[in-house]
Amino acid sequence: LHVLDSNATDAARGIEVKKDQELDRTKEESLKKAIVQLQNELETIVDKNEKNQERCTSRLLILENELKSGNEEQRRLNNGIAALQGKLKTTTENYENTSVCNIELQNEIALEKSERDR
Numbered sequence: 517l518h519v520l521d522s523n524a525t526d527a528a529r530g531i532e533v534k535k536d537q538e539l540d541r542t543k544e545e546s547l548k549k550a551i552v553q554l555q556n557e558l559e560t561i562v563d564k565n566e567k568n569q570e571r572c573t574s575r576l577l578i579l580e581n582e583l584k585s586g587n588e589e590q591r592r593l594n595n596g597i598a599a600l601q602g603k604l605k606t607t608t609e610n611y612e613n614t615s616v617c618n619i620e621l622q623n624e625i626a627l628e629k630s631e632r633d634r
């Protein structure tokens, strides 16, 4: 009877060991599936991140070119303004010289007229 009890106990232990092994296998498979799923999610995130980085880099290059063009346009405008300021200065000097000449001529005419009137 003791041998039968021992055999039954061993069989029960064997069943428990098999159950534990099956449970361990199930847990391991679940963990492997979870790891694969996480790896897939990570790859998706990395792909999206790379695409976003490419778009950002492209946009940055566009903005840098726009800034460069804007700076070049600003330089052209500044040069145009400087040229117009130079022309304005020349025109103003010419006007002032003409005004001085007109005053001198008017004075000469007035002087000649007053000499004739005497």
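Start counting the sequence shown at 517; every next residue gets the next number (the working numbering). Ideal placement from N, C-alpha and C gives every residue a C-beta, glycine not left out. Computed from a predicted structure; not experimentally measured.
For this session: Return the CA-CA distance between Gln555 and Arg575, expressed in angstroms with no decimal places.
Result: Numbered from its first residue, the sequence shown carries residue 555 at position 39. Numbered from its first residue, the sequence shown carries residue 575 at position 59. Each residue's alpha carbon lies about 30 Å from the other.
For this session: Report the residue ranges of all beta strand (DSSP E) runs contained in full by the segment 523-567; include only those spanning at least 3 residues, in chain order.
Result: At a cut-off of 3 residues, not a single continuous stretch assigned as beta strand (DSSP E) sits fully inside the segment 523-567.
Problem set entry | CA-to-CA distance, Gly586 to Asn594, given in whole angstroms | Counted from its first residue, the sequence shown places residue 594 at position 78. Counted from its first residue, the sequence shown places residue 586 at position 70. Approximately 12 Å between the Cα atoms of the pair.
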